[in-house]
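Below: the structure, in structure tokens.
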Amino acid sequence: MGIGTIRLGGFFGIACAATAVPAYVVGSPEVPRQPEVAATYFDRADSYLFSNGTLPLLHLLFGLLFLAVLISMLRTASGPTGALYVALFGGALFLTLTGAGLAAEVAVPAAIVRFGDLTVTEFSQPFLSLAVWLYHYSHVGSAALVFATAYLVWRTAVLPKWSAGLAVLGVLPALHTWVGLPGAYSMVAWLALTGVVMLAIPPVVRVESVGA
């Protein structure tokens, strides 16, 4: 694995984190607690659809590319270990359920924009609840990805060993069902910081020597 590929993977991690930010700025499906609040959650359907529907397509794409480079780098360093597969399947679960949650969250504003029918906001509560639980389950995968990556980094030194300390950012995602948004913010921070490490300190020499 070349230095350019690892740096590109780091860039994808940073881009994945950056493209998630607008969705958090617009709002969270956890916020509405009363029917009337849920009904007004999609007041600006056009902008909401872009921030939580169209732009997150890039979030998922960049996340997939970041995961591919990260797993390839870790596999070169550690071989096909159990922790590697935990990281792989955890990352896949995170991206898959995040995509499903985004789809559930934008279903109502997408219907408003497409059909021009504001009455569909009456059905927003089940979609918002579904999105919340999909996000909860997705962070089971994100926590697994964070902890498994930290373990492999510590064991192989494929990245600086101090970067294994980023495992602390996996605690809140693991508790996402109870802490909600802070867990999501913590995962975004992990994506960005891991991307920065890969971009700034690509371990091409150590990866090749360990895997030899």
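In our numbering, the protein residues as written are 936 to 1147.
Quick reminder that beta carbons are idealized off the backbone N, C-alpha and C, glycines included.
Predicted, not measured: the structure shown is a model, and the values here were computed from it.
Beta-carbon separation (whole angstroms), Leu-1032 vs Ala-1022, contact threshold 8 angstroms: On the sequence shown, position 97 is the one that residue 1032 refers to. On the sequence shown, position 87 is the one that residue 1022 refers to. Not a contact, Cβ separation roughly 16 angstroms.
Going by beta-carbon coordinates alone, are Val-1123 and Ala-955 separated by less than 8 angstroms? Taking the sequence shown and counting its residues from 1, the one referred to as residue 1123 is at position 188. Taking the sequence shown and counting its residues from 1, the one referred to as residue 955 is at position 20. Closer than 8 angstroms, so yes.
For Gly-948, three-class secondary structure by DSSP: On the sequence shown, position 13 is the one that residue 948 refers to. Helix at Gly-948.
Return the Cβ separation of Gly-945 and Gly-1130 in integer angstroms, given the expectation that the two are a contact with Cβ distance under 8 angstroms. Translated into positions along the sequence shown, residue 945 becomes position 10. Translated into positions along the sequence shown, residue 1130 becomes position 195. Contact check for Gly-945 and Gly-1130: beta-carbon distance about 4 angstroms, within the 8 angstroms limit, so the pair qualifies.
Runs of beta strand (DSSP E) lying entirely within the segment 1038-1068, each at least 3 residues, in chain order: none
I'd like the list of long-range same chain contacts for His-1111, defined as Cβ closer than 6 angstroms, with 5 residues on each side in sequence excluded. In the sequence shown, counting from the first residue as 1, residue 1111 sits at position 176. Excluding sequence neighbours, His-1111 sits near His-1071, His-1074 and Gly-1118.
Could you check whether Ser-1013 and Leu-1087 sit closer than 8 angstroms to each other, using their CB atoms as the reference points? Against the sequence shown, residue 1087 aligns to sequence position 152. Against the sequence shown, residue 1013 aligns to sequence position 78. Cβ atoms of Leu-1087 and Ser-1013: closer than 8 angstroms.
Assigned exposure category for Thr-989 - 16 Cβ within 10 Å defines buried: Start at 1 with the first residue of the sequence shown, and residue 989 comes out as number 54. Counting Cβ neighbours within 10 Å, Thr-989 comes out exposed, since fewer than 16 surround it.
May I ask which residues mark the beginning and end of the alpha helix (DSSP H) holding Leu-1107? Within the sequence shown, numbered from 1, the residue matching residue 1107 stands at position 172. Under the DSSP assignment, Leu-1107 falls in the alpha helix (DSSP H) whose first and last residues are 1106-1109.
Mark Gly-1036 as exposed unless 16 or more other C-beta atoms lie within 10 angstroms of its C-beta, in which case mark it buried. Start at 1 with the first residue of the sequence shown, and residue 1036 comes out as number 101. With 16 or more Cβ atoms within 10 Å of its Cβ, Gly-1036 is classed as buried.
Which of helix, strand or coil does DSSP assign to Val-1093? Along the sequence shown, one-based indexing puts residue 1093 at 158. DSSP places Val-1093 in coil when its eight states are reduced to three.
Can you name the start and end residues of the alpha helix (DSSP H) that Pro-1117 belongs to? Taking the sequence shown and counting its residues from 1, one reaches residue 1117 at position 182. Its alpha helix (DSSP H) spans residues 1116-1135.
Selected residue, minimal CA-CA separation from Ala-953, among Pro-1138, Ile-1136 and Leu-1128: Counted from its first residue, the sequence shown places residue 953 at position 18. Ranking Pro-1138, Ile-1136 and Leu-1128 by Cα distance to Ala-953 puts Leu-1128 first.
Does the pairing of the segment 984-1000 with the segment 1081-1096 give three or more beta-carbon distances under 8 angstroms? no
Among residues of its own chain, excluding the 5 on either side of Phe-997, which ones have a beta-carbon nearer than 7 angstroms to its beta-carbon? For the purposes of this step, residue 997 is identified with residue 62 of the sequence shown, where counting begins at 1. These residues qualify, in order along the chain: Phe-947, Ala-950, Cys-951 and Thr-954.
Beta-carbon separation (whole angstroms), Ser-1077 vs Gly-1025, contact threshold 8 angstroms: Locating residue 1077 in the sequence shown gives position 142, where the first residue counts as 1. Locating residue 1025 in the sequence shown gives position 90, where the first residue counts as 1. Under the criterion of beta carbons closer than 8 angstroms, Ser-1077 and Gly-1025 qualify as touching, at roughly 7 angstroms.
Taking the alpha carbon of Glu-1057 as the reference point, which residue from Val-1114, Pro-1137 and Ala-1046 has its own alpha carbon closest? Translated into positions along the sequence shown, residue 1057 becomes position 122. The shortest C-alpha separation from Glu-1057 is found at Ala-1046.
Cα-Cα separation, Leu-943 to Ala-1135: In the sequence shown, residue 943 corresponds to position 8, counting from 1. In the sequence shown, residue 1135 corresponds to position 200, counting from 1. Each residue's Cα considered, the two are about 11 angstroms apart.
Express the C-alpha separation of Ala-1083 and Gly-937 in angstroms, rounding to a whole number. As a first step, residue 937 is located in the sequence shown; it is residue number 2 there, counting from the start. As a first step, residue 1083 is located in the sequence shown; it is residue number 148 there, counting from the start. In this structure, the CA atom of Gly-937 is about 23 angstroms from the CA atom of Ala-1083.
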